[in-house]
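A.B. asks: Chains P and V supply the protein sequences, listed in that same order.
Going by my numbering, the letters in the first sequence line up with residues 2 to 472, in that order.
Going by my numbering, the letters in the second sequence line up with residues 11 to 438, in that order.
A virtual CB, placed ideally from N, CA and C, is assigned to each residue, including glycine.
This one's a predicted model, so the numbers in the text were calculated from it and none came from an experiment.
Below is one structure. I have some questions about it.
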Amino acid sequence: MRMVSRLVRSLNRTEALVGVWRQGLAVLPRLVWNPWAQVILPPRPPKVLGLQVVFRGNTPSLWLSMSIVTVQLGQCGNQIGFEVFDALLSDSHSSQGLCSMRENEAYQASCKERFFSEEENGVPIARAVLVDMEPKVINQTLSKAAQSGQWKYGQHACFCQKQGSGNNWAYGYSVHGPRHEESIMNIIRKEVEKCDSFSGFFIIMSMAGGTGSGLGAFVTQNLEDQYSNSLKMNQIIWPYGTGEVIVQNYNSILTLSHLYRSSDALLLHENDAIHKICAKLMNIKQISFSDINQVLAHQLGSVFQPTYSAESSFHYRRNPLGDLMEHLVPHPEFKMLSVRNIPHMSENSLAYTTFTWAGLLKHLRQMLISNAKMEEEGFKDPALYTSWLKPVNAFNVWKTQRAFSKYEKSAVLVSNSQFLVKPLDMIVGKAWNMFASKAYIHQYTKFGIEEEDFLDSFTSLEQVVASYCNL
Amino acid sequence: MTQSVVVQVGQCGNQIGCCFWDLALREHAAVNQKGIYDEAISSFFRNVDTRVVGDGGSISKGKICSLKARAVLIDMEEGVVNEILQGPLRDVFDTKQLITDISGSGNNWAVGHKVFGSLYQDQILEKFRKSAEHCDCLQCFFIIHSMGGGTGSGLGTFLLKVLEDEFPEVYRFVTSIYPSGEDDVITSPYNSILAMKELNEHADCVLPIDNQSLFDIISKIDLMVNSGKLGTTVKPKSLVTSSSGALKKRHKKPFDAMNNIVANLLLNLTSSARFEGSLNMDLNEISMNLVPFPQLHYLVSSLTPLYTLTDVNIPPRRLKPSLQFVSWNQEGWKTSLCSVPPVGHSHSLLALANNTCVKPTFMELKERFMRLYKKKAHLHHYLQVEGMEESCFTEAVSSLSALIQEYDQLDATKNMPVQDLPRLSIAM
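Right, dumping it as structure tokens:
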């Protein structure tokens with residue numbers, strides 16, 4: 002098993018990174034004797050299983066990358082999916098690539114192959130399947146895409162019904178799932194067949210609602226059965242702590258426990274965290290879901306846009322999904338990933354800022370652990386990682402010359418760490434309390450999800466929490 | 011998009027219903043500038059070509075030809091329904107959607123429920139089936155009635171059982187008008203309690219509306235409008251306070267303003283299902299999120315079109331400190347955002363709460379009932395009806411008592427220290 006981190010850097014000129022990093026050491030329960038001085042400095046840095054940093058800001062050959070099919074589920078999934086494709090395409094068409102023309106062309110071609118299929122009339126069609134149980138959002142999404150003129154969704158790539166899932170996980174999973182299984186899987190299969198070289202699925206959903214969470218879990222399970230050789234990464238939206246949906250905790254634990262079994266990696270984004278980014282870093286006064294979705298799309302875009310492969314700067318990485326998973330999910334017990342991205346700024350400040358690597362990396366570090374500057378070596382410090390991993394395997398770098406989306410230099414860190422344990426613990430706690438008073442349970446048993454299913458979910462999630470805590 | 015059918019029963023139900031349809035037409039007229047029959051309108055209206063005789067006149071897309079409300083009007087005396095049919099809304103209703111009789115229920119729940127129930131059961135069933143057939147995807151029935159009278163409370167609650175048997179998957183939302191203390195119907199406590207038993211058992215969600223509170227709201231608004239001190243609190247041209255733009259009425263009827271508020275409530279409730287928004291809420295989500303236990307499905311509502319809100323984009327957390335949530339549901343918020351504002355306002359907020367504050371209302375009702383029942387006053391009117399026995403009364407009261415007790419239990423947890431149950435522990 003290897004724990005890896007990847008650092009991807011985009012360089013305009015070679016720069017050495019200098020920094021010093023201090024952090025505390027943690028003690029593993031089984032350690033009997035340790036030659037290092039053991040000092041525990043609060044706050045304790047979270048243990049990290051894997052770090053992947055993608056930096057953006059040589060001319061690779063036209064090595065086409067493998068394709069990813071995106072499945073957008075429910076209102077949240079569809080709204081975000083739209084923003085992601087939009088961000089990917091506008092970055093790819095952006096004129097501020099700050100690199101040579103050949104390089105730019107290679108970048109564009111790689112991005113296109115990955116996320117879009119051949120054009121008819123020159124308009125790229127997103128490799129996506131849209132699923133929702135009520136028509137309003139899908140209709141909106143389709144028309145917004147068509148209106149942009151730059152790209153659109155396939156005509157037959159959507160599946161929708163007339164009546165939603167009522168925020169009921171059981172309804173999404175036990176009623177809608179089996180009822181529409183065949184139609185949905187057919188559409189997905191057609192989309193996969195369009196790919197020359199298929200890498201895996203990227204499934205976007207929320208945890209709190211009924212369709213995204215319940216039907217999403219069902220679909221992921223089906224994909225696991227039918228496409229067991231392909232990779233599946235689920236992009237899950239963690240709802241606001243103070244409630245978007247009252248039964249969100251129930252829906253969340255049911256979703257997470259089911260996905261843990263059938264998905265390969267769970268990329269989690271918290272609405273609260275992104276809200277803070279919008280409020281503090283981007284100075285948006287009245288934050289709407291549209292703003293949140295755009296920030297999210299920006300983060301995902303910076304992870305998935307083409308970068309050089311490990312072998313040389315002459316080729317773009319062929320299989321980002323596979324490489325990500327290989328390096329970040331070493332053990333099936335640990336599948337939760339989170340993303341941090343810098344810089345985030347409002348359009349106004351962009352024009353007046355110049356970037357330096359030291360500054361960017363400092364920010365990045367601060368997001369991972371408080372109070373430290375770092376160097377690339379710093380990322381390799383063994384104490385950051387758990388004992389069964391060597392830092393040299395745990396840490397990887399992906400680079401590209403081309404700048405991403407108006408930022409001359411940018412960096413993104415994808416990590417598999419204890420960071421998400423606390424929110425998970427909170428959600429499990431709240432759901433448990435509600436479960437103890439049997440509130441709302443009749444709504445779920447109506448559709449076939451019994452108390453034993455709840456207990457199973459609780460058990461598996463407590464297991465996950467315990468495993469992460471024991472790192 | 012889903013459709014809903016409105017069932018108006020009794021005088022009160024029909025008058026409120028009339029108000030509701032008037033407002034709905036105005037709202038859709040304001041939003042839908044091009045006259046195209048779109049999905050939003052289809053949730054409450056059918057597009058019908060009136061030249062076609064018989065049933066086959068429905069048009070599903072294209073320009074609006076003639077709108078017919080998806081409604082069933084039921085009343086056991088003809089006065090109110092006739093007035094509606096002669097009034098300005100006559101074209102909105104289909105004559106095939108009416109069930110009327112001549113004599114009325116005499117403010118007697120037993121007559122409404124048992125006599126007229128059995129008499130008109132088949133007709134009622136047929137009307138419902140017809141309206142369901144006209145719907146692509148029927149999601150819910152809205153039943154509007156009063157609790158104090160005979161038809162609304164008796165026949166209105168009889169319908170619930172019929173709907174539950176015939177359409178088990180369709181939600182039943184009941185808007186019930188509870189009588190005030192100074193109600194002019196003396197036997198209203200009897201009628202109300204007997205009706206409540208049916209509501210407990212057969213309704214999915216009840217929105218209880220207290221006449222007394224409506225009186226208070228209207229007097230407050232009147233005071234402000236008349237004293238000329240409007241400021242930012244009351245918008246003069248809003249749907250709530252004025253009927254400008256509405257069909258001209260020769261003289262304002264006494265309950266008009268109150269009915270207006272209830273109609274607004276229903277409109278706002280369904281707005282997210284009809285129009286788009288960044289966080290939609292369907293009607294089945296209301297039931298899912300606000301009904302923790304099957305018996306406790308009474309939702310208290312409050313509406314503010316009277317204030318302009320500055321920040322509606324994010325879940326409203328300002329109320330949080332002043333509300334006492336149950337320990338196992340500390341953040342019991344469900345939010346929904348709809349991008350189409352109501353007519354005359356830039357924003358509005360509707361709050362639905364499942365709140366133990368309904369308990370005092372129920373307890374008061376029970377008290378008034380007991381005062382009459384102890385003396386067996388007026389009881390013979392009910393017992394005369396075939397199928398009606400004293401046990402009906404006792405069952406109804408015990409059903410209500412059980413409900414009150416459940417609310418009591420939740421109230422009792424209010425002041426107890428929160429004890430988290432120990433969580434599952436995993437062996438590593």
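Distance cutoff 8 Å, beta carbons only. Does residue 55 (chain V) sit that close to anything in chain P?
C.D. replies: For residue 55 (chain V), the answer is no, since every Cβ of chain P falls outside 8 Å of its Cβ.
A.B. asks: Determine the direct distance from the alpha carbon of residue 269 (chain P) to that of residue 239 (chain P), and round the result to whole angstroms.
C.D. replies: In a straight line, the C-alpha of residue 239 (chain P) is about 7 Å away from that of residue 269 (chain P).
A.B. asks: Report the neighbours of residue 149 (chain V) on chain P: residues whose CB is nearer than 7 Å to its CB, in chain order.
C.D. replies: By Cβ distance, chain P contributes 164.
A.B. asks: Just to check my reading of the structure: residue 148 (chain V) and residue 13 (chain V) have Cβ atoms closer than 8 Å, yes? What is that Cβ distance to the nearest angstrom?
C.D. replies: 5 Å between Cβ atoms; contact.
A.B. asks: Based on the DSSP secondary-structure assignment, which residues constitute the bridge partners of residue 269 (chain P)?
C.D. replies: Residue 269 (chain P) pairs with P:237 and P:339.
A.B. asks: Is there a C-beta anywhere in chain V that falls below 8 Å from the one on residue 299 (chain P)?
C.D. replies: Chain V, which has no Cβ nearer than 8 Å to the Cβ of residue 299 (chain P), makes this no.
A.B. asks: Pick helix, strand or coil for residue 86 (chain V), following the three-state DSSP scheme.
C.D. replies: In the structure shown, residue 86 (chain V) sits in coil (DSSP, three-state: anything other than H, G, I, E or B).
A.B. asks: Taking the alpha-carbon positions, what's the residue 207 (chain V) to residue 453 (chain P) distance?
C.D. replies: So the two alpha carbons sit approximately 33 Å from each other.
A.B. asks: With 8 Å as the threshold, decide whether the Cβ of residue 289 (chain V) is near any Cβ in chain P.
C.D. replies: Yes, its Cβ sits closer than 8 Å to a Cβ of chain P.
A.B. asks: In whole angstroms, give me the CA-to-CA distance for residue 130 (chain P) and residue 230 (chain P).
C.D. replies: Distance between the alpha carbons of residue 130 (chain P) and residue 230 (chain P): 20 Å.
A.B. asks: Between the segment 106-116 of chain V and the segment 85-97 of chain V, can you find at least three pairs of beta-carbon atoms closer than 8 Å?
C.D. replies: They touch, by the three-pair rule.
A.B. asks: Using only CA atoms, which one of V:274, V:269, V:306 and V:348 lies nearest to residue 282 (chain V)?
C.D. replies: Residue V:348 is the option with its Cα nearest to residue 282 (chain V).
A.B. asks: What does DSSP give as the partner residues of residue 133 (chain P) in its beta bridges?
C.D. replies: DSSP, once it has assigned bridges, lists P:161 as partnering residue 133 (chain P).
A.B. asks: Step through the CB atoms of chain P and report whether any lies within less than 8 Å of the CB of residue 146 (chain V).
C.D. replies: Yes, residue 146 (chain V) lies at the interface with chain P (some Cβ there is under 8 Å from its Cβ).
A.B. asks: Please report how far the alpha carbon of residue 363 (chain V) lies from the alpha carbon of residue 300 (chain V), in whole angstroms.
C.D. replies: If you take the alpha carbons of residue 363 (chain V) and residue 300 (chain V), they lie about 7 Å apart.
A.B. asks: Give the secondary structure of residue 116 (chain V) by DSSP, where H, G and I count as helix, E and B as strand, and everything else as coil.
C.D. replies: It is coil, neither helix nor strand.
A.B. asks: Give a yes or no on whether the minimum CB-CB distance between residue 292 (chain V) and chain P is below 8 Å.
C.D. replies: With 8 Å as the cut-off, residue 292 (chain V) counts as an interface residue toward chain P.
A.B. asks: Give me the Cα-Cα distance between residue 283 (chain P) and residue 275 (chain P), rounded to the nearest whole angstrom.
C.D. replies: Those two C-alpha atoms are separated by around 11 Å.
A.B. asks: Distance check for residue 393 (chain V) and residue 198 (chain V), CA to CA, integer angstroms please.
C.D. replies: If you take the alpha carbons of residue 198 (chain V) and residue 393 (chain V), they lie about 16 Å apart.
A.B. asks: Can you tell me whether residue 100 (chain P) is buried or exposed, with buried defined as 16 or more other CB within 10 angstroms of its CB?
C.D. replies: Buried.
A.B. asks: Using a Cβ cut-off of 9 Å, pull out every chain P residue sitting near residue 177 (chain V), in sequence order please.
C.D. replies: Simply none; closest approach about 13 Å.
A.B. asks: Using Cβ-Cβ distances below 9 Å, what residues of the segment 295-308 of chain V are close to chain P?
C.D. replies: Per Cβ criterion, the list reads 295, 296, 297, 298, 299, 300, 301, 302, 303 and 304.
A.B. asks: Let me know if residue 297 (chain V) comes out buried or exposed under the rule of 16 or more other beta-carbons within 10 Å of its beta-carbon.
C.D. replies: Result: buried.
A.B. asks: Just to check my reading of the structure: residue 407 (chain V) and residue 376 (chain V) have Cβ atoms closer than 8 Å, yes? What is that Cβ distance to the nearest angstrom?
C.D. replies: Going by Cβ atoms, the distance from residue 407 (chain V) to residue 376 (chain V) rounds to 7 Å, so yes, they are a contact pair.
A.B. asks: Taking the straight line between their C-alpha atoms, what separation do you get for residue 74 (chain P) and residue 448 (chain P)?
C.D. replies: C-alpha separation (whole angstroms): 20 Å.
A.B. asks: Under 8 Å between the Cβ atoms of residue 416 (chain V) and residue 306 (chain V)?
C.D. replies: Yes; because the gap between Cβ atoms is below 8 Å, this pair is in contact.
A.B. asks: For residue 143 (chain V), would you say it is in contact with chain P, using Cβ-to-Cβ distances shorter than 8 Å as the test?
C.D. replies: By this cut-off, residue 143 (chain V) is not an interface position.
A.B. asks: Only counting the same chain, and skipping five residues up and downstream in sequence, which positions put a Cβ closer than 7 Å to that of residue 164 (chain P)?
C.D. replies: So the list reads 134 and 135, once near-sequence residues are dropped.
A.B. asks: From which residue to which residue does the beta strand (DSSP E) around residue 220 (chain V) run?
C.D. replies: Looking at the DSSP string, the run of the beta strand (DSSP E) that includes residue 220 (chain V) is 215-220.
A.B. asks: When DSSP labels each residue in this structure, what does residue 74 (chain P) get in the three-state scheme?
C.D. replies: It is a strand residue.
A.B. asks: What does residue 12 (chain V) reach in chain P if we use C-beta pairs closer than 9 Å?
C.D. replies: 135, 163, 164 and 165, listed in chain order.
A.B. asks: Have a look at the DSSP bridge pairing and note the partners of residue 110 (chain V).
C.D. replies: Per DSSP, V:85.
A.B. asks: Between residue 286 (chain V) and chain P, is any beta-carbon pair separated by less than 8 Å?
C.D. replies: Answer yes: the Cβ-Cβ gap between residue 286 (chain V) and chain P drops below 8 Å somewhere.
A.B. asks: Cβ of residue 218 (chain P) within 8 Å of Cβ of residue 267 (chain P)?
C.D. replies: No, Cβ-Cβ distance for residue 218 (chain P) and residue 267 (chain P) is not below 8 Å.
A.B. asks: Excluding the 5 residues preceding and the 5 following residue 15 (chain V) in the sequence, name in chain order all residues of the same chain whose CB lies nearer than 6 Å to its CB.
C.D. replies: So the list reads 80, 141 and 151, once near-sequence residues are dropped.
A.B. asks: Indicate the three-state DSSP secondary structure (helix, strand or coil) for residue 358 (chain V) in the structure shown.
C.D. replies: Residue 358 (chain V): coil per DSSP, three-state reduction.
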